[in-house]
Amino acid sequence: MVLQLSRTYFPDGTNGKLECEGKFICNTIELPWKNNETKVSCIPEGKYFIRKRYSKKFQWHLEVLEVKSRSLILFHPANNALQELNGCIAPVTKLSGPGLGLMSRKAFTKLKDLVYKVLDQKESVELIVAPAFEGMTNRNY
Numbered sequence: 626m627v628l629q630l631s632r633t634y635f636p637d638g639t640n641g642k643l644e645c646e647g648k649f650i651c652n653t654i655e656l657p658w659k660n661n662e663t664k665v666s667c668i669p670e671g672k673y674f675i676r677k678r679y680s681k682k683f684q685w686h687l688e689v690l691e692v693k694s695r696s697l698i699l700f701h702p703a704n705n706a707l708q709e710l711n712g713c714i715a716p717v718t719k720l721s722g723p724g725l726g727l728m729s730r731k732a733f734t735k736l737k738d739l740v741y742k743v744l745d746q747k748e749s750v751e752l753i754v755a756p757a758f759e760g761m762t763n764r765n766y
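In our numbering, the protein residues as written are 626 to 766.
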């Protein structure tokens with residue numbers, strides 16, 4: 626399975642659209658791009674693999690593997706990137722502003738169920754992070 630995260634960058638946050646084989650899954654929010662600095666920047670564009678992870682704080686969630694100079698980059702619920710994220714990616718049902726979204730738990734459950742189904746079959750899940758096409762903007766907020 627290949628997930629495509631198309632990003633639009635803003636000074637206060639990064640908004641994205643997550644798709645699988647051209648099919649929309651959910652929107653995403655992240656911190657703004659600040660040269661991959663730990664806890665204040667979104668991760669660099671590129672190709673990554675995703676695995677299941679468990680923690681007391683987030684229960685079962687997803688981890689993005691082998692991010693250059695970073696660790697514990699997760700997919701987990703959050704509705705405000707600047708207040709709730711340290712470099713992770715939060716699925717959201719609806720974007721409400723740069724780095725802001727609504728109904729994150731609902732979007733996270735949808736993403737997790739989809740990805741876990743593939744991982745449970747011992748198949749890999751790849752994440753490709755790239756900018757949104759030139760001239761495209763997220764207009765749904």
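For each residue, glycine too, the CB sits at the ideal point set by N, CA and C.
The structure presented is a predicted model; accordingly, all values stated were derived computationally and were not measured.
* To do: Could you check which residue in 655, 634, 630, 705 has the C-alpha nearest to that of residue 649?
  => 630
* To do: Report yes if the C-beta distance between residue 670 and residue 754 is below 7 Å; otherwise report no.
  => yes
* Residues of its chain near residue 653, where Cβ-Cβ distance is below 6 Å and the 5 sequence neighbours each way are ignored -> 641, 643, 714, 716
* To do: Identify whether residue 677 lies in helix, strand or coil by the three-state DSSP scheme.
  => strand
* **Three-state class that DSSP yields for residue 684 in the structure shown** => strand
* Using the beta-carbon count (16 or more within 10 Å), is residue 723 buried or exposed? -> buried
* **Proximal residues to residue 732 (C-beta, below 6 Å), its chain only, five neighbours per side dropped** => 651, 716, 717, 718
* Tell me whether residue 733 sits in a helix, a strand or coil according to DSSP, three-state version. => helix
* What residue does the alpha helix (DSSP H) around residue 706 start on, and which one ends it? -> 706 to 709
* Count the other CB atoms, across all protein chains shown, that sit within 10 Å of the CB of residue 689; report buried if there are 16 or more and exposed otherwise. => buried
* Asked: Quick one: any contact between the segment 678 to 696 and the segment 657 to 667, if contact means 3 or more CB pairs under 8 Å?
  -> yes
* With residue 721 and residue 674 assumed to form a contact (beta carbons below 8 Å), what rounded beta-carbon distance in angstroms separates them? -> 30 Å between Cβ atoms; not a contact.
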